[in-house]
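Q: Throughout the sequence shown, residue numbering follows UniProt numbering, covering 1 to 294 in sequence. I am attaching a structure below and will ask some questions about it afterwards.
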Amino acid sequence: KGHFQTSTGAGKNPQILFFQIKIKNYCSIFTGYLMNERGAVEMSRRSPFASWLCAMLHCFGSYILADLLLGESPIDYFSNNSSVILATAVWYLIFFCPMNLFYKCVSFLPMKLIFVAMKEVVRVRKIAAGVHHAHHRYHHGWFIMMATGWVKGSGVALMSNFEQLLRGVWKPETNEILRMSFPTKASLYGTVLFTLQQTRWLPISEANLIFFFTMFMIVCKVFMTATHSHASPFAPVESFICPVFFGSVSSGHTSDHHDQHGASHEVSHPPPPPAKSKEELNEGTRKRKAKKAE
Numbered sequence: 001k002g003h004f005q006t007s008t009g010a011g012k013n014p015q016i017l018f019f020q021i022k023i024k025n026y027c028s029i030f031t032g033y034l035m036n037e038r039g040a041v042e043m044s045r046r047s048p049f050a051s052w053l054c055a056m057l058h059c060f061g062s063y064i065l066a067d068l069l070l071g072e073s074p075i076d077y078f079s080n081n082s083s084v085i086l087a088t089a090v091w092y093l094i095f096f097c098p099m100n101l102f103y104k105c106v107s108f109l110p111m112k113l114i115f116v117a118m119k120e121v122v123r124v125r126k127i128a129a130g131v132h133h134a135h136h137r138y139h140h141g142w143f144i145m146m147a148t149g150w151v152k153g154s155g156v157a158l159m160s161n162f163e164q165l166l167r168g169v170w171k172p173e174t175n176e177i178l179r180m181s182f183p184t185k186a187s188l189y190g191t192v193l194f195t196l197q198q199t200r201w202l203p204i205s206e207a208n209l210i211f212f213f214t215m216f217m218i219v220c221k222v223f224m225t226a227t228h229s230h231a232s233p234f235a236p237v238e239s240f241i242c243p244v245f246f247g248s249v250s251s252g253h254t255s256d257h258h259d260q261h262g263a264s265h266e267v268s269h270p271p272p273p274p275a276k277s278k279e280e281l282n283e284g285t286r287k288r289k290a291k292k293a294e
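What follows is the structure, given as C-alpha cells:
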C-alpha cells in the first residue's frame, strides 16, 4: 500500500486513489476470469459459494502464496475487510447484475483497456513489494526474493490448477509453469530486475525501475488486448537465446533416440525365411501322404 502512496501527486487523497485502483484491478480480474474460464457463469448459478471462493483466489492468490513462502499466515490478507467486501461486490455485479449490464460496461473495449493498464500497474507494484519484503526478511536470499516477487506478480496463474479443482475441472496440460503466459514470464523477468536493484547490482533507483517496467507492461498488455494477440514479446529473444544455452528440440538426442529405436526394431523383427522351392514342397507332400498310408 505504501508503494501507491509514494507515487500519488499533491492534492490527491492516496486512499481514494488506491481505492479506485483496486476497483479497476478487480474488474479486470473478473472480466478476464469470466471470459477465459468455461462454465464460470453456470457454476455461479449452481454453486455461488464455490464461484465466490474461486473469485477470491483470483484476487488474493498472489498474497496467499507469498505468505506461505515467507512462513506467514495465508489468510492474513482476508483480515482487510474493505478489500474483501469490495472484491465481493464486484464479483456479485459481474455475475448477477440484471441483463449483464455491469459486465457489458466493464468489458467494453475502451474500458477494458483502462482496466488492463491499471492491472499491470498493480502487478508491478506487487512484484516490487514482494522483493522488498523478502529482502527485509532474508537480506542475502536472492532466490527467496525472486520467488516471492514472482508469486506476487503471477500467483493467480500459478494457482490455476488448484482453482480448477474447486470448480470440478482438472486440466494438467494448463500448468502455468510448463506453459508460461506473458504475464507470468514478465513477472519472472521483472522480479530478477527488482532483485538485482534491491541488492545494489543494478544501478537504478527503485522508483525509476518501477516506472519503466510499468510502462513496458502497460504497452505490451494493452497492445495484446486491443489486437487479441497471444504472441509473447519475448519470443524473438527466447528463440535466439534458448537454442544456444539449452539446445533445440530437434537436437542430437532426438536423432540418437530414433536410431536406437530403429536398431531395436530391426533386431526384434528378424527377416522372414526364404520361400521353399516347388521340389521341396512336393517332397513334403509325398512324406505326409506316406505317413497317412502307414
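Note that beta-carbon positions come from the ideal geometry of N, C-alpha and C, so glycine has one too.
I'd like the list of long-range same chain contacts for THR184, defined as Cβ closer than 6 Å, with 5 residues on each side in sequence excluded.
A: SER154, ALA157 and GLU176
Q: Do you know whose CA, among SER73, VAL116, GLU37 and LYS171, lies nearest THR225's CA?
A: VAL116
Q: With DSSP as the reference, label VAL169 as helix, strand or coil.
A: In this structure, VAL169 counts as coil in the three-state DSSP scheme.
Q: Give the secondary structure of residue 295 by DSSP, where H, G and I count as helix, E and B as strand, and everything else as coil.
A: What is shown of the chain runs 1 to 294, which leaves residue 295 out entirely.
Q: Can you name the start and end residues of the alpha helix (DSSP H) that CYS54 belongs to?
A: 48-69
Q: In whole angstroms, give me the CA-to-CA distance for LEU65 and ALA89.
A: Counting only the Cα atoms, ALA89 lies some 24 Å from LEU65.
Q: Does the segment 113-128 come within contact of the segment 78-88, defined as at least 3 CB pairs closer than 8 Å?
A: no
Q: Who are the Cβ neighbours of LYS126 in its own chain at under 7 Å, not counting the five residues just before and after it?
A: The answer, listed in chain order, is SER62, LYS152 and GLY153.
Q: Using a 10 Å radius around the Cβ and a threshold of 16 neighbouring Cβ atoms, would you call HIS228 buried or exposed?
A: It counts as exposed.
Q: VAL131 to GLY190, Cα distance in whole Å?
A: 10 Å
Q: Specify the secondary structure class of THR199 as computed by DSSP and reduced to three states.
A: coil
Q: Could you name the residues of the same chain whose beta carbon sits closer than 8 Å to that of TYR77, not counting the 5 residues immediately before and after it, in chain order?
A: PHE60, TYR63, ILE64, ASP67 and SER83
Q: Quick one: what does DSSP say PHE115 is sitting in, helix, strand or coil?
A: Helix.
Q: In the DSSP assignment, find the alpha helix (DSSP H) that holds CYS220 and state where it starts and stops.
A: 206-227
Q: Taking the C-alpha atoms as reference points, what is the distance between TYR103 and ARG167?
A: 21 Å
Q: Quick test of the definition: if touching needs 3 or more C-beta pairs under 8 Å, does the segment 130-147 touch the segment 193-201?
A: yes
Q: Ends of the alpha helix (DSSP H) at GLU238?
A: Under the DSSP assignment, GLU238 falls in the alpha helix (DSSP H) whose first and last residues are 235-246.
Q: Examine chain C for any beta-carbon lying closer than 8 Å to the beta-carbon of ARG46, and answer yes or no.
A: No chain C appears in the structure shown, which is made up of a single protein chain.
Q: Do you know whose CA, among ALA235, PHE95 and ARG200, lies nearest PHE49's CA?
A: That would be PHE95, whose Cα lies nearest to the Cα of PHE49.
Q: Can you check which of these residues, ALA207, TRP170, HIS230 and ARG200, is closest to TRP142 by C-alpha distance?
A: Nearest C-alpha to TRP142: ARG200.
Q: Are the beta-carbon atoms belonging to SER51 and ARG123 less than 8 Å from one another?
A: no
Q: I need the straight-line Cα distance from MET43 to TRP150, nearest angstrom please.
A: 30 Å
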